[in-house]
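Engineer:
Number of protein chains: 10
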Amino acid sequence: MPSQPSKILDTFPNPQPDRDFTIHIRIPEFSCLCPATGQPDFAELHLQYVPDGTCVELKSLKNYIWSYRNEGAYHEAVTNRILGDLVAAVNPRFMRLTADFNVRGGIYTQVVAEHRADGWTPAPRVDLPPPMRD
Amino acid sequence: MPSQPSKILDTFPNPQPDRDFTIHIRIPEFSCLCPATGQPDFAELHLQYVPDGTCVELKSLKNYIWSYRNEGAYHEAVTNRILGDLVAAVNPRFMRLTADFNVRGGIYTQVVAEHRADGWTPAPRVDLPPPMRD
Amino acid sequence: MPSQPSKILDTFPNPQPDRDFTIHIRIPEFSCLCPATGQPDFAELHLQYVPDGTCVELKSLKNYIWSYRNEGAYHEAVTNRILGDLVAAVNPRFMRLTADFNVRGGIYTQVVAEHRADGWTPAPRVDLPPPMRD
Amino acid sequence: MPSQPSKILDTFPNPQPDRDFTIHIRIPEFSCLCPATGQPDFAELHLQYVPDGTCVELKSLKNYIWSYRNEGAYHEAVTNRILGDLVAAVNPRFMRLTADFNVRGGIYTQVVAEHRADGWTPAPRVDLPPPMRD
Amino acid sequence: MPSQPSKILDTFPNPQPDRDFTIHIRIPEFSCLCPATGQPDFAELHLQYVPDGTCVELKSLKNYIWSYRNEGAYHEAVTNRILGDLVAAVNPRFMRLTADFNVRGGIYTQVVAEHRADGWTPAPRVDLPPPMRD
Amino acid sequence: MPSQPSKILDTFPNPQPDRDFTIHIRIPEFSCLCPATGQPDFAELHLQYVPDGTCVELKSLKNYIWSYRNEGAYHEAVTNRILGDLVAAVNPRFMRLTADFNVRGGIYTQVVAEHRADGWTPAPRVDLPPPMRD
Amino acid sequence: MPSQPSKILDTFPNPQPDRDFTIHIRIPEFSCLCPATGQPDFAELHLQYVPDGTCVELKSLKNYIWSYRNEGAYHEAVTNRILGDLVAAVNPRFMRLTADFNVRGGIYTQVVAEHRADGWTPAPRVDLPPPMRD
Amino acid sequence: MPSQPSKILDTFPNPQPDRDFTIHIRIPEFSCLCPATGQPDFAELHLQYVPDGTCVELKSLKNYIWSYRNEGAYHEAVTNRILGDLVAAVNPRFMRLTADFNVRGGIYTQVVAEHRADGWTPAPRVDLPPPMRD
Amino acid sequence: MPSQPSKILDTFPNPQPDRDFTIHIRIPEFSCLCPATGQPDFAELHLQYVPDGTCVELKSLKNYIWSYRNEGAYHEAVTNRILGDLVAAVNPRFMRLTADFNVRGGIYTQVVAEHRADGWTPAPRVDLPPPMRD
Amino acid sequence: MPSQPSKILDTFPNPQPDRDFTIHIRIPEFSCLCPATGQPDFAELHLQYVPDGTCVELKSLKNYIWSYRNEGAYHEAVTNRILGDLVAAVNPRFMRLTADFNVRGGIYTQVVAEHRADGWTPAPRVDLPPPMRD
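Protein chains in written order, with the working numbering: chain Z, 1 to 134; chain E, 135 to 268; chain A, 269 to 402; chain F, 403 to 536; chain C, 537 to 670; chain S, 671 to 804; chain H, 805 to 938; chain D, 939 to 1072; chain B, 1073 to 1206; chain X, 1207 to 1340.
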């Protein structure tokens, strides 16, 4: 595992802290190693969060993701660990991480974990009709 | 039916038991036999669960699924039985199994069953806007 | 209209009556005749239900659907009638029928009808995040 | 604008007035003229409604839609006007009209308007899991 | 940043102010410059709003969007700023802006922000079943 | 089999006989009966032809296709028979018929047959690059 | 039919007459009237051509297409007529017109016609492997 | 391997032997065992052929395919063997078999083999423009 | 137009000059200005080429493409000019440029131009069957 | 670069050397390092070949691909090198390698290279009509 990840993850001040808004980041190029066999694993990550005081800086996020390339990591554990590191660095109002792993043994695995700040409540959802034509 | 399935299904400790998170496993290669005709049936399974103390180990899951290959099984019954075996082995907070069978007689059948642990309540959902472009 | 449809629709005992679960049946090959012009109409049907004591047997369902082939039927009426026949035969906790008709006069029509047993309440939905990659 | 549209829009009695059910009509061939430039505009309409005493007859609906072909109409106004005409003719429990206009100036516009009869409340939704495979 | 944007954004009176309805505008051609590198950035914008007294005029919206072409702008800040300008010009009951940026450094970013007028509450959603066939 | 099909198939004069051009007709609603079981079969037909003196009239084509609805017909034989009837009625320079049958027994069948008038040679193909974006 | 179409269709000089190159123009908004019923017809046109001395100017092309809006026109004849008008105006080395009409009577029709200048021969095609991933 | 496969594969006389035509059969449910590991393999087969005196009967083809379910078979060998059995049974003018195996070890394999009868030459292809809209 | 483009376009030596091979480069972010209106235009470019002595360096290609951002350019002329600049810089055996412009006035335009070195002939194509399943 | 790759690539005898047939292998998980920046690159490889005396063994192919994980490699050079190694190991009649790299700097690159054994000529292609419906 990369040591001191929160040092690697840089942040910048939230430009609109008076409003809940959502940042969705898709990272198709996550790769680590299977601890059991030493062979490469691949996943697409989706990070969705409502920032509080800070946002994650994208270049440092890319380097943080890259730091797992030669580390052994189980699917369930690594998803929760990345979420934990990001929460520690960004301290968001809400954050969800989805890790969508490539097929192994004919089986596809996806892990989804969430963090919610104490006392934070989302605004009631306004359901707009979805677009019906591309 | 395979005897003693809970012996075949291995587990490992949940790496983050203090948090509700979701594991989604897609298994495109389920096959069994039709009890009426003896001919092969095929389905894609989707297993979604919130682990409590343990998670299902993927290799044993693959072997468990494989053990149905030469067994007769009706769509509705086998979906509920697999869910029951997985609940017995993993004891999850929540589990949903979807079995999507190939067309027979011009008709497509899908069966969906859920288990919820007594007293477990999901956290209120945070509706993030879905991505709008691939 | 076919006479005595509930006799044609066979059932079998629900293998897991202690649990609410869902059966989704897709029938792409419904065809009847337009009562106004006598010309063929085509639709894809979706039947979704939560069984109580019995489930509908698929071969009899195929024959029941086939029995409309040379009958005149309006879109709105025939969707409600098929739902009524299926409810009478299966007596489900919940049932929804969707009929998706082919284009006529440059216009596409879909009819959706539901039945809910008195006193039945669905379990609160557990919203699992949808898979993000195929 | 077409005069006396409610006369053009024919109806027939709802065949199942004791049950809330939904009719979804897709009309890909709406065309009118831009009031500013006189040039043709094109849209795909989606009409979704829960009928009360009557349903809209499809041939008259086609002719009503056709009557806008050489009329000038702004996107926002014409969507609300068509909804108003249909509500006046059909008197539904609920009706939603979506107008999805073709790109103009590199921008795509969609307008969605709804009508709900006084005192009508929809039945609580039963969330069935969506199909996971086509 | 463009000066006095609310002057550029023209409006016209809402043709149906007695009813909440939704306008969805898709703008695939947003482009600005990266403040760090000076290189072009590209995004697709989705604007969804419920108008109150006025609607945004499309040609002025196109010109407003175009005014960012040679301005430096960070993803998170520019999304919130455009929403702010549109809210100031249109004063809607509700407005949501989604900005879907092109990939940079192997990472895709989407920002979603909303504004809700004080005291406005959306009507309870009527969930119509989605169409099941294209 | 329908008797005297060439009488049913009406034609009109080719409006541009001095030029080879292609007419492609897609018919998603072909239905006949399986001679072995008496149950309905369904197919989508594609008719592609280069007319000589006459073109097939669409309403008579629709009625001709409809005339198979209650006839028994094997996949391979009926495709060749329909091609033969159309060639007899239209006398084209070239004609290809594709019949794409719905799944039966887990197997999908498509039959393709062609007719070419004696002495007719197609112009050498000009390969234009296909569009690369929708 | 519009009178003197070649006057409506403006052209500009080919900027690279020493090289065969291809222009592909997609026009999703063609509409005319059915001569038999007077009702609107709709088609998507694809124009592909190798210019010689001139290219067609897009605004005049849009107006030319628009001029058919209230004219009666049969599918096969109008496709050949538009091709003829464009050939007369542009005098290309090669031109292909595809007209893809909306469904009528459950049947989809597409007409494709080509013109090739006397003595023109396309360069032998260089078959590049198509991209395998989007 | 199944013994005497050509006895299992029934045929029926070609209904149009005076014309080359093509039969395309898609079989999504092929399964055999990996000779190395004993675990199940899955493939989708495509059989395309130009019949001479006989066609393959579909029910016997289904049973023949089914007979591999518990046999060990390598991808490359089994594709060629099935083609050989079908050629021996049907004696076609031309036959192509494509076997599209499910992913193993992160790698997808497809094998394509063809047989052509001595002296048979296909008619020169008539290239019709492909449809441009679905 | 950018001055001295061939100076901007850097190259590197072809690593395998003894073999014809193909490089396909997709550039979704081309933007220039319309010379008539001064408004932005957008296109996706596809560059396909068989290198001879040199290949184009990607970073300089990105900067070259970027240099058109504030230049006026007509669709047909700019496509041929970019091809000319690339041919001058890289001197390839074969090169094809496709420019796929965004919709304007309801019309989509794509321009395709090719260059072939004197005396170069492509190897005869080996047609491999395309994959049939994703 | 991995040393002695032809030692890593195992082969097995072609089970049907008397017939030209095609093996298509898709490898979505190729990863190497950018020699300029040291950052990871990702590609999907497609290997298509007509075997002569031997076929490539899949497990050794997986390990060979994996051996590039921590090696620096330029797109154009590495594609040609992998093709060279595979040709040396398998000695095929024909082989094509496609490498489809992930986006870098807003630009997508794909490299395609082929090898053909001296004196080998493919059989003339039999063009079967492609399936028209999924």
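All residues carry an ideal CB built from backbone N, CA and C; glycine is no exception.
Look at the alpha carbon of F/L447 and the alpha carbon of F/P430, and state the distance between them as a whole number of angstroms.
Structural biologist: In the fourth sequence, the residue the question calls residue 447 of chain F occupies position 45. In the fourth sequence, the residue the question calls residue 430 of chain F occupies position 28. When rounded, the distance between both Cα atoms is 6 Å.
Engineer: Residues of chain S with CB under 7 Å from D/C993, in chain order?
Structural biologist: Taking the first residue of the eighth sequence as position 1, residue 993 of chain D is located at position 55. Correct list: E746.
Engineer: Between which residues of its own chain and C/D546 is the CB-CB distance below 7 Å, once the five residues before and five after are set aside?
Structural biologist: Looking up residue 546 of chain C in the fifth sequence gives position 10. Here the set comprises E593, S596.
Engineer: Should X/G1325 be labelled buried (16 or more other beta-carbon atoms within 10 Å of its own) or exposed?
Structural biologist: Mapped onto the tenth sequence, residue 1325 of chain X falls at position 119. Burial call: exposed.
Engineer: Mind checking which residues open and close the alpha helix (DSSP H) that includes S/N757?
Structural biologist: Indexing the sixth sequence from 1 puts residue 757 of chain S at position 87. As written in the sequence, residue 757 of chain S is Val, which differs from the Asn given in the question. Run containing S/V757: 745 to 760, per the alpha helix (DSSP H) assignment.
Engineer: Rounded to whole angstroms, how far is the Cβ of B/F1084 from the Cβ of B/C1127, which I believe are closer than 8 Å?
Structural biologist: Position 12 of the ninth sequence, counted from the start, is the residue given in the question as residue 1084 of chain B. Position 55 of the ninth sequence, counted from the start, is the residue given in the question as residue 1127 of chain B. Yes, they are in contact, since the Cβ atoms of B/F1084 and B/C1127 sit about 6 Å apart, within 8 Å.
Engineer: Comparing the C-beta of C/G642 with each C-beta of chain X, is any distance below 8 Å?
Structural biologist: Start at 1 with the first residue of the fifth sequence, and residue 642 of chain C comes out as number 106. By this cut-off, C/G642 is an interface position.
Engineer: From the DSSP output, in three-state form, read off H/Y872 for me.
Structural biologist: As a first step, residue 872 of chain H must be located in the seventh sequence, where it is residue number 68. Reduced to three states, the DSSP call for H/Y872 is coil.
Engineer: Evaluate E/P174 with the Cβ neighbour count: other Cβ atoms within 10 Å of its Cβ, from every protein chain shown; 16 or more gives buried, anything less gives exposed.
Structural biologist: The count along the second sequence starts at 1 and reaches residue 174 of chain E at position 40. E/P174 is buried by the Cβ-count criterion.
Engineer: For the segment 751 to 764 of chain S, which residues have a beta carbon sitting closer than 8 Å to at least one beta carbon of chain D?
Structural biologist: Answer set for the segment 751 to 764 of chain S: F764.
Engineer: Within its chain, find whatever has a CB closer than 7 Å to the CB of D/N1008; leave out the 5 residues flanking it on each side and keep chain order.
Structural biologist: Counting from 1 along the eighth sequence, the entry for residue 1008 of chain D is found at position 70. Cβ neighbours of D/N1008 beyond the five flanking positions: L971.
Engineer: For the beta strand (DSSP E) containing S/R766, name the first residue and the last one.
Structural biologist: In the sixth sequence, counting from the first residue as 1, residue 766 of chain S sits at position 96. Looking at the DSSP string, the run of the beta strand (DSSP E) that includes S/R766 is 764 to 771.
Engineer: Is there a C-beta anywhere in chain C that falls below 8 Å from the one on Z/E29?
Structural biologist: Translated into positions along the first sequence, residue 29 of chain Z becomes position 29. Yes - at least one Cβ of chain C is within 8 Å of the one on Z/E29.
Engineer: Here's the rule I'm using: 16 or more other beta-carbon atoms within 10 Å means buried, otherwise exposed. How should E/N148 be labelled?
Structural biologist: The sequence position of residue 148 of chain E within the second sequence is 14, counting from 1. That one is buried.
Engineer: With DSSP run on the structure shown, which of helix, strand or coil describes E/L195?
Structural biologist: If you number the second sequence from 1, residue 195 of chain E lands on position 61. Looking at E/L195 - three-state DSSP - the assignment turns out to be helix.
Engineer: Identify which residue in S/G723, S/W736, S/V781 has its Cα closest to the Cα of S/A747.
Structural biologist: On the sixth sequence, position 77 is the one that residue 747 of chain S refers to. Nearest option by C-alpha distance: S/V781.
Engineer: Would you kindly work out how many angstroms separate the C-alpha atoms of E/Y202 and H/F834, rounded to a whole number?
Structural biologist: Walking along the second sequence from the start, residue 202 of chain E turns up at place 68. Walking along the seventh sequence from the start, residue 834 of chain H turns up at place 30. Near 56 Å, if we compare the C-alpha coordinates of H/F834 and E/Y202.
Engineer: Against chain X, does B/R1098 count as a neighbour if the rule is that its beta carbon must be under 8 Å from one of theirs?
Structural biologist: Position 26 of the ninth sequence holds residue 1098 of chain B. Yes, contact with chain X.
Engineer: Within the same chain, show all residues whose beta-carbon is closer than 8 Å to that of H/G797, passing over the 5 residues directly before and after it, in chain order.
Structural biologist: Because chain H is modelled from 805 through 938, residue 797 of chain H falls outside the range shown and cannot be assessed.
Engineer: Taking 8 Å as the threshold (beta carbon to beta carbon), is H/N818 in contact with chain F?
Structural biologist: Taking the seventh sequence and counting its residues from 1, one reaches residue 818 of chain H at position 14. H/N818 does not count as touching chain F.
Engineer: Chain B beta carbons: is any one of them nearer than 8 Å to that of X/R1275?
Structural biologist: Working through the tenth sequence from its first residue, we reach residue 1275 of chain X at position 69. So, not an interface residue.
Engineer: Could you give the residue range of the beta strand (DSSP E) that holds H/T826?
Structural biologist: Here residue 826 of chain H is taken as the residue at index 22 of the seventh sequence, counted from 1. Looking at the DSSP string, the run of the beta strand (DSSP E) that includes H/T826 is 825 to 837.
Engineer: Quick one: give me the first and last residue of the beta strand (DSSP E) that A/P281 is part of.
Structural biologist: Against the third sequence, residue 281 of chain A aligns to sequence position 13. Its beta strand (DSSP E) spans residues 279 to 281.
Engineer: Which residues in chain S sit within 8 Å of H/A917, going by Cβ to Cβ distance?
Structural biologist: Along the seventh sequence, read from residue 1 onward, the residue named residue 917 of chain H stands at position 113. Residues of chain S passing the Cβ test: Q686, R689, F691, T692.
Engineer: Is the shortest distance between the beta-carbon of D/T975 and the beta-carbons of chain X less than 8 Å?
Structural biologist: One-based indexing of the eighth sequence puts residue 975 of chain D at position 37. No, its Cβ sits nowhere closer than 8 Å to a Cβ of chain X.
Engineer: Is it true that the CB of H/I911 sits closer than 8 Å to the CB of S/K732?
Structural biologist: Translated into the one-based positions of the sixth sequence, residue 732 of chain S becomes position 62. Translated into the one-based positions of the seventh sequence, residue 911 of chain H becomes position 107. Cβ distance < 8 Å, so S/K732 and H/I911 count as in contact.
Engineer: For a cutoff of 8 Å on Cβ pairs, would you count X/F1307 as touching chain Z?
Structural biologist: Mapped onto the tenth sequence, residue 1307 of chain X falls at position 101. No, its Cβ sits nowhere closer than 8 Å to a Cβ of chain Z.
Engineer: Pull up the distance between the alpha-carbon of S/Q718 and that of S/D755, whole angstroms please.
Structural biologist: Taking the sixth sequence and counting its residues from 1, one reaches residue 718 of chain S at position 48. Taking the sixth sequence and counting its residues from 1, one reaches residue 755 of chain S at position 85. Each residue's alpha carbon lies about 14 Å from the other.
Engineer: Would you kindly work out how many angstroms separate the C-alpha atoms of E/I142 and E/A223, rounded to a whole number?
Structural biologist: Locating residue 142 of chain E in the second sequence gives position 8, counting from the first residue. Locating residue 223 of chain E in the second sequence gives position 89, counting from the first residue. Cα to Cα, the separation comes out at about 9 Å.
Engineer: Please compile the residues from chain A whose C-beta is within a distance smaller than 8 Å of the C-beta of E/T145.
Structural biologist: Residue numbering aside, residue 145 of chain E sits at position 11 when the second sequence is read from its first letter. None at all; the shortest Cβ gap to chain A is about 20 Å.
Engineer: Which residues in the same chain as X/F1248 place their Cβ atom closer than 6 Å to its Cβ, once the five residues preceding and following it in sequence are excluded?
Structural biologist: Here residue 1248 of chain X corresponds to residue number 42 of the tenth sequence, with the count starting at 1. Around X/F1248: S1237, N1308.
Engineer: Looking at D/A974 and D/H1013, is the spacing between their C-beta atoms short of 8 Å?
Structural biologist: As a first step, residue 1013 of chain D is located in the eighth sequence; it is residue number 75 there, counting from the start. As a first step, residue 974 of chain D is located in the eighth sequence; it is residue number 36 there, counting from the start. Their beta carbons are not under 8 Å apart, which means D/H1013 does not touch D/A974 by this criterion.
Engineer: Evaluate C/V662 with the Cβ neighbour count: other Cβ atoms within 10 Å of its Cβ, from every protein chain shown; 16 or more gives buried, anything less gives exposed.
Structural biologist: One-based indexing of the fifth sequence puts residue 662 of chain C at position 126. Per the 10 Å Cβ criterion, buried.
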